[in-house]
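Novice: Take a look at this one; I'll ask things after.
Numbering (my numbering), first residue to last: 1210 to 1592.
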């Protein structure tokens, strides 16, 4: 049994709760932001299609089910449409551990009598693949070494959580992670507090930047923001950090910057649309280059509808700052693009109406309420 604290009430969490319940896990809200999780002895191995289609992260049940009950079947996961994001790295990792994989009619079926530790070299430091392989390797026989592993803070968090459960993992946060398989995880209850959401916090930091405002963030982990804050300082934003508190104050003007999107500790791809929106009102030309997810500039046409001057060239966007954006009716094509359009709407002259709010709800808890507290004139329209 686990108690998980600091859980956001966002659509992706609610969807994952339903996925886990369908697999035989008992989950309940104990209080605000606190979940109690207790798996049953007999787990199902097939995740419902309608839930898996909603959220790409549903693929993360594969590793735990494979190592726990030896089989798993699910539809190829859905989520935001931001370019090709196949799960081949996950499947290659499972195969290396000894699983048999069958892909047909849009489904993936994986089965293994007993997973065995092995050295796995990822072709790309994928966060999802690293997490899934770590989970699968916990109960594997022998030692698993993941090379070219993702280094994101969430990987360190997963290591810390699994180790609290009795796993033996080290190296998270570096490009090599070592997992020594254990016979079983402990049965005693675990109470765990998850880290703050650095992408949500980063979005509010950028909201202050685009509006020429100020914001103070409490209870954050400053080192998670180094790629963002270094770029914002280049752009003329004043940033003060004291302990777990960060104060952001916009400068007299936004200086244009070039931003290259890379895996952590590089500038995060999940803040790429938002920084592009900010640079659309900078005093000059910026270049935003996306090296993680191709096809992540689908939102640019919506910013252009608001008066932005942006030209996409392959994996890069040339952003020529304009004096001001103009409110318009726009459509959010995905989660982070939706956040970018919200930021653009905050800075625009006139009213902006954004369709596709369910995308935004996938990753932000009551974004309109939090921005209203900061002085924004924003409301949700229920049709």
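Ideal Cβ placement from N, Cα and C applies to all residues, glycine included. All values reported here derive from a predicted model rather than from experimental measurement.
Taking only runs of the beta strand (DSSP E) that begin and end inside the segment 1512-1587, which ones reach a length of at least 3 residues, in chain order?
Specialist: List check, beta strand (DSSP E) in window: 1518-1522, 1525-1529, 1538-1540, 1562-1564.
Novice: At 4 residues or longer, what runs of the alpha helix (DSSP H) sit wholly inside the segment 1395-1448?
Specialist: If we require 4 residues or more, the alpha helix (DSSP H) runs fully inside the segment 1395-1448 come out as 1407-1420, 1435-1443.
Novice: Taking the alpha carbon of residue 1221 as the point to measure from, which residue in 1570, 1575, 1537, 1577 has its own alpha carbon closest?
Specialist: If you number the chain shown from 1, residue 1221 lands on position 12. Looking at the Cα atoms, 1570 is the closest of the given residues.
Novice: DSSP on residue 1280, reduced to helix/strand/coil?
Specialist: Locating residue 1280 in the chain shown gives position 71, counting from the first residue. Strand.
Novice: Run the CB neighbour count on residue 1440, radius 10 Å, all protein chains shown included, and call it buried at 16 or more, exposed below.
Specialist: Counting from 1 along the chain shown, the entry for residue 1440 is found at position 231. Per the 10 Å Cβ criterion, buried.
Novice: Starting from residue 1457, trace the beta strand (DSSP E) in both directions and tell me its first and last residue.
Specialist: As a working mapping, residue 1457 is identified with position 248 in the chain shown. 1454-1458 is the extent of the beta strand (DSSP E) around residue 1457.
Novice: Per the contact definition of three or more C-beta pairs closer than 8 Å, is the segment 1507-1525 in contact with the segment 1447-1464?
Specialist: Touching, no.
Novice: Rounded to whole angstroms, how far is the Cβ of residue 1306 from the Cβ of residue 1346, which I believe are closer than 8 Å?
Specialist: For the purposes of this step, residue 1306 is identified with residue 97 of the chain shown, where counting begins at 1. For the purposes of this step, residue 1346 is identified with residue 137 of the chain shown, where counting begins at 1. Rounded, the Cβ-Cβ distance is 6 Å, consistent with contact.
Novice: Exposed or buried, which one is residue 1485 when buried takes at least 16 other CB atoms within 10 Å?
Specialist: Taking the first residue of the chain shown as position 1, residue 1485 is located at position 276. Its Cβ being crowded by 16 or more others within 10 Å, residue 1485 is buried.
Novice: Taking one C-beta from the segment 1323-1337 and one from the segment 1347-1358 each time, how about it: are there three or more such pairs within less than 8 Å?
Specialist: Touching, yes, given that three or more Cβ pairs across the two stretches are closer than 8 Å.
Novice: What is the rounded straight-line gap between the Cα of residue 1412 and the Cα of residue 1429?
Specialist: What you label residue 1412 is simply residue 203 of the chain shown in a count that begins at 1. What you label residue 1429 is simply residue 220 of the chain shown in a count that begins at 1. So the alpha carbons of these two residues sit roughly 13 Å apart.
Novice: Which residue wins for smallest C-alpha separation from residue 1464, given the options 1471, 1475, 1491, 1379?
Specialist: On the chain shown, residue 1464 is found 255 positions in, with the first residue counted as 1. Looking at the Cα atoms, 1491 is the closest of the given residues.
Novice: Is residue 1355 closer than 7 Å to residue 1381 when the C-beta atoms are compared?
Specialist: Translated into the one-based positions of the chain shown, residue 1381 becomes position 172. Translated into the one-based positions of the chain shown, residue 1355 becomes position 146. Not in contact: residue 1381 and residue 1355 (Cβ atoms no closer than 7 Å).
Novice: From the DSSP output, which residues share a beta bridge with residue 1244?
Specialist: Position 35 of the chain shown, counted from the first residue, corresponds to residue 1244. Partner(s): 1213, 1238.
Novice: When the Cα atoms are used, what is the spatial distance from residue 1442 to residue 1436?
Specialist: Reading the chain shown from its first residue, position 233 is the one you call residue 1442. Reading the chain shown from its first residue, position 227 is the one you call residue 1436. Those two C-alpha atoms are separated by around 10 Å.
Novice: Three-state secondary structure (DSSP) at residue 1252?
Specialist: In the chain shown, counting from the first residue as 1, residue 1252 sits at position 43. Residue 1252: coil per DSSP, three-state reduction.
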